Amino acid sequence: MPRRYHKCCFCEGDLSERKITVDYRWGETLVTVIKNVPAGLCEVCGEQYFKAPIVKAMERV
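Shown next, in the form of structure tokens:
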């Protein structure tokens, strides 16, 4: 199975594919919470990576 994510741009840690909860914010106000979002998550620093179709879907919410 090919890897979907590579290395973290910030710390070069390995990324693992996970389903996460995303808080969409505008300034200090919580706008919405989206659960079970597919993402690449850095195992070292926790940076989150999303594929373009996922970002587009979140923007439509």
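First residue of the sequence shown? That's 48 in my numbering, and the numbers climb one at a time after it.
Just so you know, even glycine gets a beta-carbon here, dropped at the ideal spot from N, CA and C.
Nothing here was measured: the structure is a model prediction, and the numbers come from that model.
Need the endpoints of the beta strand (DSSP E) that residue i sits in, please.
| i | result |
| --- | --- |
| residue 75 | Run containing residue 75: none; DSSP gives neither H nor E here. |
Below 7 angstroms CB to CB, which residues in the same chain sit around residue i once its five sequence neighbours on both sides are set aside?
| i | result |
| --- | --- |
| residue 101 | 84 and 85 |
| residue 88 | 62, 63, 65, 67 and 95 |
| residue 55 | 62, 89, 91, 92 and 94 |
Compare the C-alpha of residue i against each of the options and name the closest.
| i | options | result |
| --- | --- | --- |
| residue 60 | 72, 79, 69 and 91 | 91 |
Within the continuous alpha helix (DSSP H) that includes residue i, where are the two ends?
| i | result |
| --- | --- |
| residue 98 | No alpha helix (DSSP H) contains residue 98, which DSSP labels as neither H nor E. |
Report all residues from its chain with a CB closer than 8 angstroms to the CB of residue i; omit the five preceding and five following residues, and keep chain order.
| i | result |
| --- | --- |
| residue 105 | 69, 71, 81, 84 and 97 |
Once the 5 residues before and after residue i are set aside, which same chain residues still bring their CB inside 6 angstroms of it?
| i | result |
| --- | --- |
| residue 58 | 91 and 92 |
List the DSSP bridge partners of residue i.
| i | result |
| --- | --- |
| residue 79 | 71 |
| residue 89 | 62 |
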